[in-house]
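S.K.:
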Amino acid sequence: MIETPHGRLAQRLALGVPALLLAGAYVSQYGFGLYPCEMCWWQRWPHFAALALALLSTVAVPRRLWIALAALAILVSGAIGAFHAGVEYGWWEGVTACAVTSQAGTGDPLEAIMNAPMVRCDQAPWTLVGISLAGWNFLFSAAGGLAILWLLAKERRTS
């Protein structure tokens, strides 16, 4: 049972970190037209898993296990973000696949696919203080995942 302040904070972070990072990804995609490349999608999947595990921790025991697994999923997303950022900065070579965004609506579906913009994995579409979205995902995911694990360790010592 999560009854200490550290455990409750770990659970809240396990819910909040992936939810906020996914929200940011979707706002940047649908609000600002920054469509995801293949590696951007790879970073989202562990956050979905982390969110599901964190939600599971609210109803299933052992709660610490579900929260720890959520933290590990967040760290996996951060590791993918670090790899993706390295590809964007040219530190190493990435994958060759690129995502294509299909424009839904009326008209010929084949024409929509053929005219859809290519999204390259090796070019950052946006940066803040020189850090790409993948880099920010790495920073927030690494900090969040490690903070959750630290809080769980501290919670275990005090219970």
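Residue 1 is where the sequence shown starts when you use the UniProt record's numbering, and the numbers rise one by one after that.
Here a beta-carbon is modelled for each residue, glycine too, at the ideal position from N, C-alpha and C.
1) DSSP state of leucine 128, grouped into three classes?
2) Rounding to the nearest angstrom, what Cα-Cα distance links glycine 26 and tryptophan 136 in this structure?
3) If you draw a straight line from the C-alpha of aspartate 122 to the C-alpha of glycine 94, how long is it?
4) Drop a sphere of 10 angstroms on the beta-carbon of phenylalanine 138, count the other beta-carbons inside from all chains shown, and report buried for 16 or more, exposed for fewer.
5) What is the DSSP secondary structure of valine 119, reduced to helix, strand or coil?
6) Among the candidates Gly78, Ala14 and Gly81, whose CA atom is the shortest distance from the CA of alanine 52?
7) Is the CB-CB distance between proline 36 and alanine 73 below 8 Å?
M.R.: Looking at the atomic coordinates:
1) Working through the sequence shown from its first residue, we reach residue 128 at position 128. Strand at leucine 128.
2) By 1-based counting over the sequence shown, the position of residue 26 is 26. By 1-based counting over the sequence shown, the position of residue 136 is 136. Per the sequence shown, residue 26 should be read as tyrosine rather than glycine. Rounded to whole angstroms, tyrosine 26 to tryptophan 136 spans 15 Å at the Cα level.
3) Start at 1 with the first residue of the sequence shown, and residue 122 comes out as number 122. Start at 1 with the first residue of the sequence shown, and residue 94 comes out as number 94. Distance between the alpha carbons of aspartate 122 and glycine 94: 7 Å.
4) On the sequence shown, residue 138 is found 138 positions in, with the first residue counted as 1. Under this definition phenylalanine 138 is a buried residue.
5) As a position in the sequence shown, residue 119 is number 119, starting the count at 1. Valine 119: strand per DSSP, three-state reduction.
6) One-based indexing of the sequence shown puts residue 52 at position 52. Among Gly78, Ala14 and Gly81, the Cα nearest to that of alanine 52 is on Ala14.
7) One-based indexing of the sequence shown puts residue 36 at position 36. One-based indexing of the sequence shown puts residue 73 at position 73. Cβ distance not < 8 Å, so proline 36 and alanine 73 don't count as in contact.
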